[in-house]
Each structure stands twice: as structure tokens, then as C-alpha cells.
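See below for the structure under consideration.
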Amino acid sequence: MSEPLLTIADLHAFYGESHALHGMSLDIREGEVVTLLGRNGAGKTTTIKSIMGVMGRRTGSIRYRDQELIRLPSNAIARLGIAWCPEERGIFASLDVRENLMLPPPIKAGGMPVEEIFALFPNLRERLRSQGTKLSGGEQQMLAIARILRTGATLLLLDEPTEGLAPVIIQQIGRVIRTLKERGFTILLVEQNFRFAATVADRHYVVEHGRVIDMIENSELAQKTDRLQEYLGV
Amino acid sequence: SGDVVKIGVLNDQSSLYADITGQGSVAAARLAVEDFGGTVNGKKIEIIFADHQNKPDVGSNIARQWMDRDGVDVIVDVPTSSVALALAPLIKEKNKVFVNSGAATSDLTGKACQPTTVHWTYDTIALSKGTGGAVVKAGGDTWFFLTSDYAFGHALERDTSNVVTASGGKILGQVRHPLNTSDFSSFLLQAQASKAKIIGLANAGGDTINSIKQASEFGIVAGGQKLAGLLVFVNDIHALGLQTAQGLQLTSAFYWDQNDETRAFAKRFEAVMKKKPSMIQAGVYGGVTHYLKAVKEANTDEGDKVVAQMKKMPINDFMTKNGSVREDGRVNRQMYLFEVKKPGESKGPWDYYKLVRAIPGEEAFRPLKDGGCSFVKG
Amino acid sequence: MAGEFILETRDLTKEFKGFVAVRQVNLKVRRHTIHALIGPNGAGKTTVFNLLTRFLTPSAGTILYNGRDITHAKPASVARGGMVRSFQISAVFPHLSVRENVRVALQRPLGTSFHFWRSERSLEGLHERADELIEAVGLSEFRTAIAGELPYGRKRALEIATTLALDPEMMLLDEPMAGMGGEDISRIATLIEKVAKDRTVLMVEHNLSVVAWLCNTITVLQRGEVLAEGPYEQVSKDPAVVEAYIGTGHV
Amino acid sequence: MDRGTRITFLAMVALLVAAPYVLYPVFLMKVLCFALFACAFNLLVGYVGLLSFGHAAFFGSAGYVTAYTVKMWGLPPELGILLGAVTGAALGLVIGWLAIRRQGIYFAMITLALSQIVFFYAVQAPWTGGEDGIQSVPRGHLFGVVDLQRPLGMYYTVLALFLAGFLLVYRIIHSPFGQVLKAIRENEPRTVSLGYETDRYKLLAFVLSAMLAGVAGGTKSLVFQLASLTDVQWQMSGEVVLMTLVGGLGTIFGPVVGAAVIVTMQNYLAEFGSWVTIIQGFIFVVCVLTFRRGIVGEIMGRFGPKGAAPTGGGH
Amino acid sequence: MFELLGIPPQALFGQLLIGLINGAFYAMLSLGLAVIFGLLNIINFTHGAQYMMGAFVAYLSLTHLGLAYWWALLLAPIAVGLFGILLERTMLHRLYKLDHLYGLLLTFGLALIVEGFFRNQYGSSGLPYSIPAELRGGYNLGFMFLPTYRAWVVVASVIVCFGTWFVIERTKLGAYLRAATENPTLVQAFGVNVPRMVTLTYGFGVALAAFAGVMAAPIYQVSPLMGANLIIVVFAVVVIGGMGSILGAIVTGFGLGVIEGLTKVFYPEASNTVIFVIMAIVLTIKPAGLFGRAT
Ligand SMILES: Nc1ncnc2c1ncn2[C@@H]1O[C@H](COP(=O)(O)OP(=O)(O)OP(=O)(O)O)[C@@H](O)[C@H]1O
Ligand SMILES: Nc1ncnc2c1ncn2[C@@H]1O[C@H](COP(=O)(O)OP(=O)(O)OP(=O)(O)O)[C@@H](O)[C@H]1O
Ligand SMILES: [Mg+2]
Ligand SMILES: [Mg+2]
């Protein structure tokens, strides 16, 4: 088994006074798709934001390859090859679709060419000139994923890419994630919907109260469904 | 009162008129006290000063405190007509003396006159009569006014128009510009179109400076029209530079380079202030001196008595020859019409004016009976 | 007044600078039912809500509420007429306590809301009713808590209590379950079911199991137009709906 | 009022009743006028979250109306001040109607600009006396009996007006109306959806604030026997912001403390000329950077009951 | 000769041209404000003071260093821009997470300090700065005498304004700026150094103000208060144009200059208020301003 690409150890994070992560630890290996599952407010988004360096105060350790991320500003973290697709998508209203797509600066060589991106998301090609936020929710989600593929980043952090989307679009996003995995991207995925997660992931971390309480291999998911449902309160 | 005679110099220390009054007036008052010997009738003379920020409420607040608590006997300078008008009745009420050098409004010795007010250096009437009348006499008989659109500007325009027409001149038009306009080009274009020989600037401070500056830019003076500044100080000319200001005609009560006495005073003043005195600052010296003399003569510092004494004595100092304080408080003095020199004529910094005409006090100021001052008999 | 349909739209249309977000929608909501509005993203569901509650002005068409034309009413007067909405993102008054949140809604019918000379104590009579409502949504233990500090699911419960305080005849709920975990989903769904007994509810929701559980009638919008309408069993089998919305690989 | 507030209030009243025997009454009256002005302003910024940068318009124009009617029409002082209040309210209605459509910075800019119209009007209109202002306003006799020319007569009149205004602000905040204002500030669309026409509430709050500013301005013109451009200038709007900020936005006593501090400072620094502006600017900067809750806010935050600290202005 | 509203058409041309020249200043100043507001969401109340500083740098570099106008045109934006950067780094940047009103209050305080300081040092009656020799004189256009310097002002302003517009609306850098306006955290997480960009943008906006100040020095008096009165008008221009809209700032700047100029001819009493009146009208009809996006 290969070396972990990303290792989080004893991570604590704070929103002002409030303590959101209480000793989060996990690791991700190159080429894996790993999900974070957990109830609302468990700390999934906070974990992603901590990796990306957009959280306020954090302590503990986040190692990416040989680099400690905890003190780096987020632009430096991005430059190491980590890209983020935020929960609220973050499509820019003052930019058109093309500008939105071309916005993130390339980090290193090997980013996905625009043509391939259009092959993956044909809808985007048709709407290049419209204002970013005029796209439908699903298209915005596609755009949010598409724009980080261009940059050459190899670790993608996808925060609830299916939230608020129509079932038909969720299925399409699932296909895209599987394609990305085949191309060697490493993906950390946050999901509420574990049925969807099961169709794309290798492993699942269950998060509660700001720490990992369990790890389930996708292969074992079938046996452990009950346990998982209990965790998630479904 | 008490065992000191306290002089309060109240003026603009920080803003528009700080250069022509401000610390310079304080310095002039100090020189006067020094020359007087530092004491009067055995009492020490003290000077305090404050900044009224050109705001009547600030000014009257300070004046009240000075008179109520600090024992100030005389308030001097007070530029800015609004502040002066606010102070005059207050000072009368407390029976103190008001020797005003800085304010322009002729109301101080007219409608708003007070028995304890002495208006020392100049007023709007003198400015308009001096500039209006003398300029017409010198051939500038068609006028166009650039008037600042508020009471002061209107008054200046009205008074000057009267003088101009009375002297046989003609008013071709006027334009009212808002207070503190930064750009005058539009107004100047209108003035230019009027083809008047004289463009009268019935405004003050920054407005005057900017109109002069931009008139030069638009080639108005080069095109043969002349500017007449109704309220211009030597410091303004200094700020503008002769290149821009040349040819401007203006009225003043004092110019540092008039004779040996004025030059001597200017030299002493410059030693402290690093610049030449304005007519207001020079006036503060004269006013304070005259006040102290009256205190000495009358042997009291009660306001009404001191002022009565001031009105009895003639004024003679480096700036005023055979002047007098009239019954309404107006100081009768000679005024002068100057023209700003061309750059070539000037021998160096501060050498700016050449005399066009001296105007006797009787001609320059409003006749006593016309002012509408309530306590002037007859 | 007591017609069969509490709310009707006729050819309701909204155009944003040449883009038609809602096109000739004829919606009929039957009294005392839970009616769902579903459809792909960008279909125009929120826009319809905004039109109904007059947060947006229709480009064309009419809205009838209890037989009355409210197409040109003001948003606040629509609310006073008994049609109250919730928001897609949670909407509480974060610095007020739970009880004060509910009280803001309760105080309106008193008619003293412009009385700036009257004491706040004149509102204390409302506490009893407020506490009843808080109890009904299961927030009794949080009565004095500051609303902003509540967990997400509880905030939504509070929002419903506040809405109920107006004793609305009709409630419009925009994605009440969005971003909610399974546990909260079932609590809120139960709550909606309970309060809908003698009211009418129109809701937007992507969670199909909730829709299937709660809703009597479902209207599917697509590109601003009505694609299908009917009970869940019927709509969910409609091939057009499956293609546009549900998809084949149901997850 | 809760106990702490009541005790503080009574202490303030006692202090103010005794003060003129120790301190210079004109100075105290100035403090009280500005304190009332700042309280009026705070009603809007602290409790509705609308930062008006044009409150001088109400303060100053009320001053003109009071001064003019008392001097020219010979109205008694109480009527003069009443007319000042009406002027403030009427102007508040017009400016408020235009401004409440926007929030935050936009609101600030719009009120600022509209108040400039009032300022230029005051500069040019003949009845305001332009640069000279309206001078020598007689103070007259309050209700025909109290001689306001006497310092203490004037002082206790001003004090009574201030206390009335202060209590009115307190009552407004703690009224059913105040509850709705609070709700609007927290979440306006939600308040609309509950059936409140929020613009009307904001407008009423604006008008009330403008009216109280008018009372303060009218009173000030009687105290100084003068109405002048100073009070309609935008710098005056800035000053009231400063007072409220220094004292504590959204605290009931903050504006009073702030007004006292700033007026005292101006008084003692008057001889330093432009240093006054520099120091004022400096206080602004320090307050914004390190002291955002203001004097009263910080005290309450440190020693008061938990949750008593204000939440600060704006949204 | 026929007349239009009592004014000969030739004079009217003159007045239109003059309006345009004044509009050039409004445009440059409101442009800087719009850039700063657009990205930092701060109403830069110090803008007027920074404009004044630009003029002062020109004056001081002439009197103390003997550097002529053209040097000042280069030097002043840099110097004042650096001053702006210093302010941003030490103070403004601590306020981004707070309500935007604090930015307004802070810059208001800074404006008081800066203006007070210059008043203390240089008095307030203003200092002279003459038109550079190359730009003296003028052209007789028949209907009016157009000073060369004024012509230069218009040309320079148009170049600066449209250059800025182009950079912001049409380039990659502009896309970063616009995106960072909406969501700085995200843009930074894409690997863009947003804090530095914000600092530089503020510096640039301030430099624009200083540039306008140098342009103004030869026409107006160099005085500590020259910006204080202008700034409120410029705020109104920005509000009318639509806050943060670059194009709005430019177009309204020029447009209002012309309208104000015409008011000076037909009804000069209102020329100070006309912009505010227009603002009130625009806001009743279009609350977001002429070019503003509805919020
Ligand atoms: N901006 C914030 N300020 C204060 N607390 C916050 C903030 N954002 C999140 N929290 C708190 O931090 C904790 C973790 O939140 P986080 O957003 O990471 O949860 P999550 O697992 O992503 O939940 P969700 O499924 O709702 O997205 C929660 O208790 C939440 O209330
Ligand atoms: N103010 C607006 N201006 C322009 N277009 C708008 C505006 N509001 C909404 N739209 C467009 O109208 C369409 C419908 O939007 P709406 O928000 O109603 O969708 P929805 O059905 O609620 O979607 P979702 O499920 O994602 O919430 C979308 O394409 C959207 O881009
Ligand atoms: Mg999350
Ligand atoms: Mg929606």
C-alpha cells in the first residue's frame, strides 16, 4: 500500500470561541476516493476548510506529501496541488461562465485540457457566455468541479457536490467522480447521502463531534449498513 | 479686572483665515503689550488666545467662558463676520471691550452696533468704496460681478454696484456662484462674454484665489479685462504668485512696504512669524495699543468707560495717522487702492503692491448717520 | 370563500431580462392538503414562491388566494392575509431568544406594533401562547436560548413555530429539509405532517422520500413550465419526469 | 427599566441636577444638547442598524427654525422648540423616505448627500442669514414664567428636555415597536414574511430620530442664542457619529457619555487649533481599531451581565 | 444670431466643454472610489485627503526637490499610493471581517488626521503651483479659449479611466479582482494571493486620487481642504453611477460634470445641489444607481 498523500493528526479548529474540531485524524492515499460522512454540524466542512487553510485558528498537524500545511496561507496550499469545491459552490456572479472556468490559475502542468472538460460536462460548452450565477443549480455544481480540474491539482476536496440537486444530476456527478478517479485524481468527498457515497468511494470516515469515530471500507459497507445508519441517525 | 488686564485674542487658528489672523495676530498683540511696557496702571497685562474655528457657536462659547470665568477684559481680532456679530452683544452684556480687527461686515458699526465695539481696521463698505470708486475713476467703468452666493457676497456686490453706478460706471451683469466652488471656469466664461472691463470678485478666501488663478489660465487678464478683488489680502497674493495675480486691484488699510515705520514693524513681525503682517495683524497691534492707552487714561477696565476713552483719543501709530474712533465704534482711517505688480516690477518676495490711490477715511467709510446704529444720536 | 382550492395561479409568468424563469404556470392548491413543488434545479420553484408571496412581481398572470386577486398586493399584506412562507436558508432572528422569536410573530395581531410609547411589558400576555407553540415543535427546553446558537435542525423547528404563531391558513416551505441530516429530517417531517392537519402546505423539496411520505399532490416544474401533476405514485412513473428529474439509477 | 439601568439613570439625574453648581452651565448645556442629539442618532444606528451620515440636517435646520420663529415671530421658546422638532420630523420624513430603501453604506451615503442639499439651502436662503446665521436670538420666558436669560433657568429647562428625550428613546427601544425594529435589524426579509411592512417601521424610527435631533438642535439654538451653518454641516453629522461611537453604539447611556467626552475635549483643545481635528480623527481611528464597543459598551461587556453588551451597529 | 434659452450656442459649446473638463476630475476620483469600493467594500473617506496629498506632493517636490510637473505626475501617485498601502496594511485590513461601516468610520477619522496635519503644516489659504511651461497657453476655438492644460486634463483622464476599465473588465487580473470582490476566501484558495491583491488595489485606487490631485494642482490652489469639499460630490457621483461599477463611475463622472456645468449657466444658485438632486431622483427610480446591480 502506498504512502498516504495527506495525513491529518489531532486537528483542532475553532470558529472564534467555539471549538469545532476536537482531534480529527485521518489519512488519504494517492488515487483514492475517500468520503467524510456524518450528521449536520459534525465538522466535515470544517475539516475540508482546515486542509484548505481557510479556517481561522487551527492546531495539530496536516501533512501533504512532505509538507506541513497548518501554518500556510490558503494560496500557498493551493499551489501545492490541492483544490477545493466549496459547499456553497462559489460561482462568481460578476464573471461569465468562461471567466469562471478559467479563473483558478494553473498550479502545475498536467491540468485537464478544456476540451476534455467539455467532454465531461457538455452543458457548460453551450452556456459559456452567460453569467455564472444564471446557470441552474446543477450546472453551477458542474462548473464548480470543472474549474478546479484545469489547474493541475491532484487532490480534490469536494464538499457536498450533490446537495440540493435533482436526482438525475446527482447521477451524472457520480459518473464524473468515477471518471476522475480513473484518471488518477485523489478525492476527498463530503456527503450526507451515504447511498450516493457508496457508489463512488473506496473508504468512508464517519465524523461526529469534530472527530473521526469510525472508518468503513466501501467493500464492508453492506455488512455495516446498520451501524452506519445508527451513526447518521437515519 | 482683578489684578491683571487680560487680552483675549480670538480668531481662526486653523482654517481659512489662520494665515491672515491666527498666531500672527497673537504675535502682534504681544508686540503691542511689550511696547506698552507689560503693565498698565500697575497691573500686569496678559494675553490668551483661542481658535473659534470660524464657528459662531464655538466663538461665543469661548468668549462666554473667558469673560465669566477667566476674567478677560478685551477680546480682539475675531475675523469672520458671523462670529463677530455673535460676540458683540455678548461682550456688551458683560461690559467688556471688543476691538475687532478681522471681521469685514459693516453691520458691526451699523445695524448690529454695540457701545463697547470698536471696529478697527476695515469693513465691507470701505472695500467696496475703495475698490469700486477708485477703479471707476481709473477708467474701469463697466463691471461684471462674480459673487459668492451668500449674505456676505450679496452685500459686497450690492455696495460695490452702488458705488460703481454712483461714480458713473455701469454694471453689465453678475453671476452668483456657490460658496467654496473649486471651479470657476464656467463663471469666468460668462464674465468674459460680458465684455466688461472689470470683473469684480465679490467673494472671499479660497473662492477669490481660485477665481484669480483660473482667470489667468483662461487668458482673461491677457485678453484685456481686469480683475478687482473686493477682499484680498497680501497673503493671498503671496499664495497666488505675481504671474497669476498681476494687475489685480484691491483695497487695503495697510501694506508693509509703505514707509519706514511700516517696514520697521514688518521686520519685527517677520522675526517672529517668518512672514509679512497682513492688515488685520497690523490692526491688532494698533487696536491693542489704543485700548491699553485708554485703560491707562481712564484708569479703569470697565468696558463702557474704556471705550468712551478710546473714542476721545486720536489714533497715531505706524499704520494709522490721525485716525479716530467714531461714535458708532468705526475707526476712521485712510485706506489705499493698490495694484498688484507685474513679475518684472517686483524686486523679490513680498514686493507685490504699487499704490494707485490713497482714499481718505471720510470717503472710504459709511457716513455716521447712514449706518442705522441705534445709539448714534442725530 | 371556502372554495375547493385555496390558491390558484393563472398563466403565472416571470421574465428576467429576456429569460423566462416561470412560464404560464397554472397551479391549483387544494385546501387542507400538502402539495409539493418539485423539479430540476433552476426549474423556477423558488421563483414561484417569491411570486406567490409577492417578493417578486409577476410579468404576467394572476394569483388568486381564497378567490381574491393578490397579484398586486404587498408582501406584508399577503402574509397578513394568512399565507406565510419560510426561506430556503434558515430565517430566525439570531440575537433574540426563542420565545422572543415567536413573540415577534404573535404581537402583530395586537395592532400595537407602531406604539412606540407603550411598554414592552404589554407583550408579556403573549408568553403563554408562545410557550405552547414552542412546546408543539419540541423546543420547550430551549425557550430562553438565543436563537442563533441553536443547532440547524432546531432552528428550522423554531422557524416553523414562528410561522405557526401567525396561525396561517397556508404555509409555503422552501426546501425545509435542505442540508439536514436523517434524524432531523424525520423530526421535521413529522412536525409538518402534524401542523398540516387543518392547514394547507405548499412545499419545495428535493428529498423524494419526504415528498412521497408527506405530499398528496405533486407538481413537477421544468424550465419554468408544469411538466406533470398528480399523486406521487403517478408522477414518479411518468417517463418525462424520470428523464428530467428522477433519473434512472435511483439513489 | 431593570435595576442596573434604573440606578445608573438616577445617578445620572442626580449628577446633572447638581452639576451647574460646580461646572460652567453653558458648557453643561452644550453637553446636554449634544447628548440628546447623540441619543436620537443612536436610536437609528444602534437599534435599527441604519448609520445616518446626515443627521446634521435635522439638528441644524431645527435650530434655524427655532431661532427664526423665536426671534422674528416672537414665539415663546417652548413653541419655538416644538416647531424645531416638527421641522426635524418633517425633514426626516422626506429624507427617510428616500434613504430607507437602501441599507448599510448606501444608506449612509444617501443621507449624507441629501443633508448636503439642506446645507446648501441654508447657505443660500435669505432667512437663515447665510454665513452669519441667525444671531442674538432671545431666550425669552418658558411658558411665560421661567426666565431663560438666567443661566440656571435655561439649564434646568435643557436638562428637562434632555431627560424627556432620553426616556422617550428608552421607551421606544423597549416598546412593541422597538421589538419589531429589533426583528427588522436581525432579519428583514423574515420580518416582512411575518406580515410587517418593514419600510414603515424604519421610516417611523427615522422620523422619531430626526424629531429628537430637532429638539436638540432647537434647544441648542436657544442656549447659544444663535443658529449657524456649523450645525447643518456634514462635519456635524460626523461629530455625532463620533460621540455615539466613543460612548458605545447601541447602548442607552453610551451617547451621553460620548457627548460629554467629545464636548469636553473640544472645549479644552480649542486653543490647539487644527489639533482638535487631528485628535478627533485619532479617536475615531482608535475606537474603530481597538475600542469598537465604546466606553459604555466596554464597561458593560466587562462588568455587566452576560449578553448585556451591545451587538454593535449595522448588520 | 439665434439663441438657445438666452445663451448663444457658441457660449453653450464652451460651457459643455468646461463641464466635460470638470467631469474628468469627477471621473478620475469616482473611478478610484469605485475600484476601492468594488474590491474592499469600503467607502474610502480618505479619498479626498489623498487627492489633496497628490497635489501637495507635486507642490513639495517642486519647492523642495526642484522636480517639475511631469515628475510629480509620476511620483505623487507612487508616494501617495505607498501611503495608502501602509494604511491598508496597518489598519484597514483588520476591518474586512467587520461591518463595512467601520471602514467608513476609520477612513473618515484618517481623513480628519491627514487634513488636520496638512493644515497645521501649511495653513489653509492654499499654495501656488503653476501650470508647466509646456502646457501653458491655449487654443482659440472660436467659441471659447481652451487652455492647453485643460485639454490635457481631459485627454489624460480619458486614457486613465478607460485603461482602468479595460484592465478590470477585460483582463485576467480584472477577473481575479471581480471574483475577489465577491468571495475573497475562495479566490485565495485557488492560489491567488488575495491580501496582496487587495493591498495593491487599494494602493492603486489611492494612486488614482493622487494622480487627480497632481492634475488639479495647477488649476486650483494646493490647499489642505481641496479634497474635503469635493469628496462628498464624488460620493454622490459614485452612488448615482452605481456603487462599485467602474463604467458607471466613469460615465456618470463625465455626465454629471456636464450637467453641473450647464446648471452653472442657467441656474448657478443650484450648481452645488444639482448633483444631489439628481441623486435623489435616480435613487427613487433606480435604487441601485444607473449602472449598479440590484442587491
Ligand atoms: N461560521 C461559523 N461560526 C461558528 N460556528 C460554526 C461556523 N460554521 C460552522 N460552525 C460550527 O462548527 C461545527 C462544525 O460545522 P461544519 O460546517 O464543519 O459541519 P458539517 O459537518 O459540514 O455540517 P453540514 O452537514 O451541515 O454541512 C458545527 O457545530 C457548526 O455549528
Ligand atoms: N433575479 C434573477 N435574475 C435573473 N435570473 C434569475 C433570477 N432569479 C432566478 N433566476 C433564474 O431563474 C431560474 C429559476 O430559478 P429558481 O431559483 O426559481 O430555481 P429553483 O427551481 O428554485 O432551483 P433550485 O432547486 O436550484 O433552488 C434559474 O435559471 C435562475 O438562474
Ligand atoms: Mg458542511
Ligand atoms: Mg430554489
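Protein chains in written order, with this note's numbering: chain W, 1 to 234; chain U, 235 to 612; chain F, 613 to 863; chain A, 864 to 1178; chain D, 1179 to 1473. Built from N, CA and C at the ideal position, the CB exists for glycine as well. Quick caveat: nothing in here was measured; it's all calculated off a predicted structure.
No Cβ-Cβ contact shorter than 9 angstroms links Tyr910 (chain A) with Leu1026 (chain A). The beta-carbon separation of Glu160 (chain W) and Glu87 (chain W), rounded to 5 angstroms, stays under the 8 angstroms limit for a contact. The beta carbon of Ala532 (chain U) is closer than 6 angstroms to those of Lys539, Val540, Gln543 in its chain, skipping five residues each way along the sequence.
With three or more CB-CB distances shorter than 8 angstroms, the stretch 651 to 662 of chain F counts as touching the stretch 832 to 846 of chain F.
If only complete runs of 4 or more residues are kept, the stretch 731 to 811 of chain F shows the alpha helix (DSSP H) at 739 to 748, 764 to 777, 794 to 807, in order along the chain. Beta-bridge partners of Gly242 (chain U) (DSSP): U:Ile282, U:Ile309. A distance below 7 angstroms between beta-carbons, with the five flanking residues on each side excluded, links Ile758 (chain F) to the following residues of its chain, in chain order: His707, Ser709.
Under the Cβ distance rule, Ile216 (chain W) does not count among the residues neighbouring chain D, no pair being separated by less than 9 angstroms. Within chain D, the C-beta atoms nearer than 8 angstroms to that of Leu95 (chain W) come from Ala1353, Arg1356, Ala1357, in chain order. Three or more Cβ pairs drawn from the stretch 353 to 371 of chain U and the stretch 461 to 470 of chain U lie within less than 8 angstroms of each other, which places the two stretches in contact.
Look at the beta carbons and you see the stretch 710 to 727 of chain F not touching the stretch 1069 to 1085 of chain A: under three pairs across the two are nearer than 8 angstroms. For Ala852 (chain F), same chain residues with a beta-carbon under 7 angstroms away, outside a window of 5 residues either side, are Leu839, Ala840 in chain order.
Using beta-carbon distances, Asn469 (chain U) counts as an interface residue toward chain D, with a partner under 9 angstroms. Rounded to the nearest whole angstrom, the C-alpha separation of Phe1234 (chain D) and Met301 (chain U) is 41 angstroms. Within its own chain, the residues whose Cβ lies closer than 7 angstroms to the Cβ of Ala153 (chain W), once the five positions on either side in sequence are excluded, are Gly81, Ile82, Ala83, Ile107, listed in chain order. Taking a cut-off of 8 angstroms on C-beta distances, the stretch 1383 to 1391 of chain D touches the stretch 1225 to 1233 of chain D, as three or more cross pairs fall below it. In the three-state scheme derived from DSSP, where H, G and I count as helix and E and B as strand, Arg98 (chain W) is classed as helix. Exposure of Val1333 (chain D) is indicated by the presence of fewer than 16 other C-beta atoms within 10 angstroms of its C-beta. Counting along the chain, Met1322 (chain D) sits inside no beta strand (DSSP E), nor does DSSP assign it H or E at all. Pro511 (chain U) carries a coil assignment under DSSP once its states are collapsed to helix, strand and coil. Residue-level contact check: Ala1466 (chain D) does not touch chain W, since none of the beta carbons of chain W fall below 9 angstroms from its beta carbon. For Ser18 (chain W), the enclosing beta strand (DSSP E) covers residues 18 to 29. Taking 9 angstroms as the CB threshold, Val207 (chain W) stays off the interface with chain F. When D:Met1206, D:Ile1397, D:Phe1215 are compared, the shortest CA-CA separation from Arg1356 (chain D) is found for D:Phe1215.
The stretch 945 to 961 of chain A makes no contact with the stretch 1019 to 1035 of chain A, as fewer than three CB pairs between them are under 8 angstroms. When beta bridges are read from the DSSP output, Glu573 (chain U) appears opposite U:Gln483, U:Lys588.
By DSSP's assignment, Ser61 (chain W) forms a beta bridge with W:Ala9.
Judged by DSSP secondary structure, Ser248 (chain U) falls outside any alpha helix (DSSP H); it is assigned neither H nor E. The closest CA to that of Phe270 (chain U), considering only U:Tyr519, U:Leu476, U:Trp584, U:Gly563, is found on U:Tyr519. Around the beta carbon of Lys629 (chain F), a 10 Å sphere encloses fewer than 16 other beta carbons of the protein chains shown; the residue is thus reported as exposed. The C-alpha of Val1411 (chain D) is placed about 43 angstroms away from the C-alpha of Gly563 (chain U).
Under the Cβ distance rule, Glu1312 (chain D) does not count among the residues neighbouring chain U, no pair being separated by less than 9 angstroms. Rounded to whole angstroms, the separation of the alpha carbons of Leu619 (chain F) and Pro670 (chain F) is 16 angstroms.
Shortest Cα-Cα distance from Ser259 (chain U) to any of U:Glu536, U:Lys404, U:Val610, U:Thr355 involves U:Thr355. Excluding its 5 nearest sequence neighbours in each direction, Phe922 (chain A) has C-beta neighbours in its own chain below 8 angstroms: Phe900, Gly951, Ala1076, Gly1077, Ala1079, Gly1080, Lys1083, Asp1094, Val1095, Met1099, Val1103, listed in chain order. DSSP places Ala840 (chain F) within a strand segment (E or B) once states are collapsed to three.
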